[in-house]
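Enquirer: The structure follows.
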Amino acid sequence: MSLRTPMRRVLGAGSAKQGVHHWWVQRLTAVALVPLSVWFAVSLLTLPSFDHATVAAWMGQSWTALLLILLVLVATWHSRLGLQVVVEDYVPGPGARTVTLVAVNFAHALLAAAGVFAVLKVALGGAP
Amino acid sequence: MRTRPLSPHLSVYKLKYTMLTSGLNRITGMGLSVGLVLLVYWLMAVAGGARAQARADRLLSLPVMKLVYAGFIVAACYHLVAGIRHLVWDTGYGLERAQSQRSAWLVAVASALLMLLVGYGAWLSMARTP
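Protein sequence lines, in the order shown, are assigned to chains A and Z. Residue 0 is where the first sequence starts when you use numbering that gives the first Met the number 0, and the numbers rise one by one after that. Residue 0 is where the second sequence starts when you use numbering that gives the first Met the number 0, and the numbers rise one by one after that.
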């Protein structure tokens, strides 16, 4: 006889109270990053130059801007989930672990916001 | 805190190459997180305009950065190929010992080929844009 209540089974939450959400989002972002990272590598390496005019013109194209925003968001999300597991594995003690996790979260929020802001600024014509 | 029973961990096992492929995936992933910082720094520099980008380029074009970029290429290629292996595992296939040993070699060979391909692309790009 299982001691788990039907509600617990429906929620699938388990002892971490998070269910498979972390696991699943880590995989979703991984799958999304396959085409996004290939696209990014190919477009970066085929840029004719890395001077400001060329890069800004590239970032200003609608599809480039859109895919760059997706790349930044998905990559920061994937990185946040990955580093969270590393911290949980190797940072001992609940105090230090919580502080490190908060720092990881804040850093990734900053990265995501800055990346999206930068692409939008260039794409919407703000870059001088 | 009360001493709790410890499950077998890294230093308990003899190092096997299947362990190495798994550990490398984590290490390269951590490296790529640092790469993300560099990417956003570059994007912000471009958004700051021509002068801001020129300032950032002085740092980004230091000779030592070539080594950093090479490191990112190696890490990205490995993490991509090894990550796909993990995604296959997640479907429940390839988890038998013989299969995972074979796929470990496949990951090593495929990621090495990808590194060469991307490295060649980066070399061409560098030759074009000093």
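Even for Gly, the Cβ is constructed at its ideal location relative to N, Cα and C.
Using the C-alpha atoms, what's the distance from A/Phe105 back to A/Ala126?
Expert: As a working mapping, residue 126 of chain A is identified with position 127 in the first sequence. As a working mapping, residue 105 of chain A is identified with position 106 in the first sequence. Its pLDDT being 49, under 50, A/Ala126 is placed unreliably by the model, and the measurement read from it follows with that caveat. Cα to Cα, the separation comes out at about 26 Å.
Enquirer: With contact counted as at least three CB pairs below 8 Å, one residue from each stretch, are the stretch 24-39 of chain A and the stretch 62-72 of chain A in contact?
Expert: yes
Enquirer: Closer than 8 Å between beta carbons: that is the criterion. Which residues of the stretch 1-34 of chain Z meet it against chain A?
Expert: Arg25, Gly28, Met29, Leu31 and Ser32
Enquirer: State yes or no: is the C-beta of Z/Gly118 within less than 8 Å of the C-beta of A/Leu44?
Expert: Taking the first residue of the second sequence as position 1, residue 118 of chain Z is located at position 119. Taking the first residue of the first sequence as position 1, residue 44 of chain A is located at position 45. No, they are not a contact pair.
Enquirer: Do Z/Gly28 and Z/His78 have their beta-carbon atoms positioned less than 8 Å apart in this structure?
Expert: One-based indexing of the second sequence puts residue 78 of chain Z at position 79. One-based indexing of the second sequence puts residue 28 of chain Z at position 29. Result yes, Cβ atoms of Z/His78 and Z/Gly28 sit closer than 8 Å.
Enquirer: Helix, strand or coil: how does DSSP classify A/Tyr89 here?
Expert: Counting from 1 along the first sequence, the entry for residue 89 of chain A is found at position 90. A/Tyr89 falls in the helix class under three-state DSSP.
Enquirer: Less than 8 Å between CB atoms is the rule here; does Z/Ser124 satisfy it with respect to chain A?
Expert: Within the second sequence, residue 124 of chain Z is the residue found at index 125, counting from 1. At least one chain A Cβ lies under 8 Å of Z/Ser124.
Enquirer: Going along chain Z in order, which residues have a C-beta closer than 8 Å to the C-beta of A/Phe49?
Expert: Here residue 49 of chain A refers to the residue found at position 50 of the first sequence. Asp56 and Thr128, listed in chain order.
Enquirer: At a CB-CB cut-off below 7 Å, which residues of chain A make contact with Z/Met43?
Expert: What you label residue 43 of chain Z is simply residue 44 of the second sequence in a count that begins at 1. Neighbours of Z/Met43 on chain A, chain order: Ala113 and Ala117.
Enquirer: Run through chain Z and tell me which residues come within less than 9 Å of A/Val33, C-beta to C-beta.
Expert: As a first step, residue 33 of chain A must be located in the first sequence, where it is residue number 34. Within chain Z, the residues near A/Val33 are Leu79, Gly82, Ile83 and Leu86.
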